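> Each step along the sequence shown adds one to the number in the UniProt record's numbering, with nothing skipped, and position 157 is 157. Each residue gets a CB set at the ideal place from its N, CA and C atoms; glycine is no exception. This one's a predicted model, so the numbers in the text were calculated from it and none came from an experiment.
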Amino acid sequence: MDADVLRWSAYRSVPWKNGGGITREVADGADWRVSVADVDGDGAFSAFPGLDRVITPVEGEGMVLTVDGTACPVGPLSPFAFPGDATTDCRLTAGAVRNLNVMTRRGRATAQVEIVTVTSAQEAEAACGAGEIVLVMAVTEGISVAGADGRETSLGRLDCVRRDGPGTSTVRGEGSVARIRITSTR
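So this is what it looks like as structure tokens:
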């Protein structure tokens, strides 16, 4: 495979900035970070001045984020973008959630997160251009990724494939993936 495979079992666990929980670091660069955080209760989010965030519940029934006083329901597998420096509180709607969290340094990088359904009749492409990084995270079991070299790699739940720079990977199987595109803006 001509991309890096990142396994859930190898993600490093680190405490949240506010000490309220643990996040698992998937991948990062100078101006971005992708992680998965478990949210077990209501509370304030850490402030990240100068960063933009995209959060996506990948397990659980979702939550309501109050961002600078505005309540914003965030459902399962629904990416939600907001400024990291906004005052943000979380209320769980039906128990704990596990969130995919993408952060980028404002003015230096941007992120797009898209949930893609893959079927045996409908493969998905993970194309990456110059100045981009694309990560494909398996949100369900039953996903594999094949690179231009033809090698196919099976992904477990929350495993990820990372591609830096030009190239394409083909996502196959039956399930869903989060396709994360990070673009340098400097």
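(1) Please confirm if the stretch 147-155 is in contact with the stretch 112-123, defined as three or more CB-CB distances below 8 Å between the two stretches.
(2) Going by C-alpha to C-alpha distance, which of Leu92, Ala178, Val74 sits closest to Glu141?
(3) Mind checking which residues open and close the beta strand (DSSP E) that includes Thr88?
(4) Which of helix, strand or coil does DSSP assign to Trp8?
(5) On a CA-only basis, which of Pro76, Glu125, Val136 is nearest Leu6? Give me that one, please.
(6) From the DSSP output, in three-state form, read off Arg163 for me.
(7) Pull up the DSSP beta-bridge partners for Val113, would you.
(8) Would you decide whether Asp4 is buried or exposed? Buried here means 16 or more other CB atoms lie within 10 Å of its CB.
(9) How about the stretch 167-177 and the stretch 92-101: do they share at least three Cβ pairs that are nearer than 8 Å?
(10) Which of the three DSSP states is assigned to Thr66 in this structure?
(11) For Gly84, which option in Gly19, Gly129, Gly75, Arg33 has the closest C-alpha, if you only look at C-alpha atoms?
Result, derived from the coordinates:
(1) Contact fails between the stretch 147-155 and the stretch 112-123, because fewer than three Cβ pairs, one in each stretch, are under 8 Å apart.
(2) Its Cα nearest to that of Glu141, the residue Ala178 stands out among Leu92, Ala178, Val74.
(3) It spans 88-92 - the beta strand (DSSP E) in which Thr88 sits, taken as one unbroken run.
(4) Of the three classes helix, strand and coil, the one that applies to Trp8 here is helix, per DSSP.
(5) Taking only the C-alpha atoms, the option nearest Leu6 is Val136.
(6) If DSSP states are grouped into helix, strand and coil, Arg163 belongs with the strands.
(7) Answer is Ile180, bridged to Val113.
(8) Classification of Asp4: exposed, given that the 10 Å Cβ count is below 16.
(9) Judged by Cβ distances under 8 Å, the stretch 167-177 makes no contact with the stretch 92-101, as fewer than three pairs qualify.
(10) It is a strand residue.
(11) That would be Arg33, whose Cα lies nearest to the Cα of Gly84.
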